[in-house]
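Residue 266 is where the sequence shown starts when you use my numbering, and the numbers rise one by one after that.
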Amino acid sequence: ALRQQIDAAREELRTLALEVHATEQTDYLDALHETLHKKLTEKQSALQALQARRVEIHETRRVSESYLSRLLSGDKGDPHAHLRTVHAPAPPAWPQARLAEFWAAISGGLILLVLVGLIALRPTRWFLWIFVAFFIFGGIEWGVRGRLADYLLNATIVLAIVTTVVLLWEFWWLVSVVLVAVLVMIMMRENLRELLSDR
Numbered sequence: 266a267l268r269q270q271i272d273a274a275r276e277e278l279r280t281l282a283l284e285v286h287a288t289e290q291t292d293y294l295d296a297l298h299e300t301l302h303k304k305l306t307e308k309q310s311a312l313q314a315l316q317a318r319r320v321e322i323h324e325t326r327r328v329s330e331s332y333l334s335r336l337l338s339g340d341k342g343d344p345h346a347h348l349r350t351v352h353a354p355a356p357p358a359w360p361q362a363r364l365a366e367f368w369a370a371i372s373g374g375l376i377l378l379v380l381v382g383l384i385a386l387r388p389t390r391w392f393l394w395i396f397v398a399f400f401i402f403g404g405i406e407w408g409v410r411g412r413l414a415d416y417l418l419n420a421t422i423v424l425a426i427v428t429t430v431v432l433l434w435e436f437w438w439l440v441s442v443v444l445v446a447v448l449v450m451i452m453m454r455e456n457l458r459e460l461l462s463d464r
């Protein structure tokens, strides 16, 4: 059917091309020549579209037949072809996995036991002992997971902040005096600068 359409379009195009060529030679048929020339261009575009469609159908058929023959021969293709991102299998469990599982099993009960022991014994500065217990348990937890360096870094930052707060609490009057002295010096410097710039 498509081949017949192409043949008919070719024949019509040949006839139209002859008419365009014939009207081109005559001056008083310029309007007809323009109309026929426009029609010829449209028919050429239509014929090219039909030929492109024929090539597309031919290529699709050729590829489909090739794919069908591969399927019939037992070749189903790459099983991962439909995947956009192929993921490798997970690596085997790291050697400390058993230790991590063991620690996860006992850590909750152990911290509860330590807290109950601290409440029962009521040592002096019990809040400090609770902090130390949590610090030790955190270190063990992160160490078992292989991230002890990160834990120590975070603990150092937290301890630095706590130390700063304690120092400010203990020496608030000295800090206040120093801040006021610095503020006074800045004000005096600005006043002197303004005074000298006026002269």
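Built from N, CA and C at the ideal position, the CB exists for glycine as well.
{"query": "CB of GLU281 within 8 angstroms of CB of LYS303, strictly", "result": "Here the sequence assigns Leu to residue 281, which means Glu is not the residue at that position. Not in contact: LEU281 and LYS303 (Cβ atoms no closer than 8 angstroms)."}
{"query": "Completely contained alpha helix (DSSP H) runs for the stretch 280-363, where each covers 4 or more residues", "result": "295-337"}
{"query": "Integer Cβ distance of ALA274 from LEU312, believed to fall under 8 angstroms", "result": "5 angstroms"}
{"query": "Proximal residues to PRO388 (C-beta, below 7 angstroms), its chain only, five neighbours per side dropped", "result": "TRP394"}
{"query": "DSSP state of GLY374 mapped onto helix, strand, coil", "result": "helix"}
{"query": "C-beta atoms of LEU267 and ARG327 nearer than 8 angstroms", "result": "no"}
{"query": "The alpha helix (DSSP H) enclosing ARG458, as first and last residue numbers", "result": "437-463"}
{"query": "Proximity winner among ILE271, PHE400 and VAL320, relative to VAL379 (alpha-carbon distances)", "result": "PHE400"}
{"query": "Whole-angstrom distance between ALA370 and VAL409, CA atom to CA atom", "result": "13 angstroms"}
{"query": "Buried versus exposed, by CB contacts within 10 Å (16 or more), LEU301", "result": "buried"}
{"query": "Cβ distance (whole Å) where GLY404 is taken to contact LEU413 below 8 angstroms", "result": "7 angstroms"}
{"query": "Whether THR288 touches HIS298 by CB criterion (8 angstroms)", "result": "yes"}
{"query": "Contacting residues, own chain, Cβ-Cβ under 8 angstroms from ILE271 (five flanking each side not counted)", "result": "LEU312, LEU315, GLN316 and ARG319"}
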